[in-house]
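Using the numbering used here, the first residue of the sequence shown is number 69, and each one after it goes up by one.
Yeah, the Cβ is synthetic: ideal placement off N, Cα and C, and Gly gets one too.
In this text, all values refer to a predicted model and were calculated from it rather than measured experimentally.
Data block below; observations after.
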Amino acid sequence: MHASFSVEKQQTRIAALEAEIAEMEQKLGDDVDAEKIVSGHIKLLHQYNEAKDAAQILIGKLAALKHTTIRRVHEDYGLTDSD
Numbered sequence: 069m070h071a072s073f074s075v076e077k078q079q080t081r082i083a084a085l086e087a088e089i090a091e092m093e094q095k096l097g098d099d100v101d102a103e104k105i106v107s108g109h110i111k112l113l114h115q116y117n118e119a120k121d122a123a124q125i126l127i128g129k130l131a132a133l134k135h136t137t138i139r140r141v142h143e144d145y146g147l148t149d150s151d
């Protein structure tokens, strides 16, 4: 169920959001393309994830060769769960 808001409250909220957008655009600058920046960051995240996946595959193969667990290989190389 949706909460009902008065038209006045909606217009006030819209005005506040538009002011926030204008402030952020001013901070960003006129010659900066925000979509291009976001696209670049997404591309970098994809590259990072691919590299991390490849490293995990190699760690798995190393664990199999050493007849040990992946967790043990992580411990041997000082890797944490966040690595």
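Three-state secondary structure (DSSP) of Tyr-116: In the sequence shown, residue 116 corresponds to position 48, counting from 1. DSSP places Tyr-116 in helix when its eight states are reduced to three.
For Thr-137, three-class secondary structure by DSSP: Translated into positions along the sequence shown, residue 137 becomes position 69. Coil at Thr-137, not helix or strand.
Span of the alpha helix (DSSP H), counted from its first residue to its last, around Val-75: In the sequence shown, residue 75 corresponds to position 7, counting from 1. Taken as a continuous stretch (DSSP letters only), the alpha helix (DSSP H) holding Val-75 covers 75 to 96.
Candidates Ala-102, Ser-150 and Ser-107, of which the one nearest Lys-120 by Cα: To locate residue 120, count along the sequence shown from 1; it is residue 52. Comparing Cα positions, the closest option is Ser-150.
Whether Ala-132 touches Ile-138 by CB criterion (7 Å): Here residue 132 is taken as the residue at index 64 of the sequence shown, counted from 1. Here residue 138 is taken as the residue at index 70 of the sequence shown, counted from 1. For Ala-132 and Ile-138, no; Cβs fall outside 7 Å.
Helix, strand or coil at Asp-149 [DSSP, three-state]: If you number the sequence shown from 1, residue 149 lands on position 81. Asp-149 falls in the coil class under three-state DSSP.
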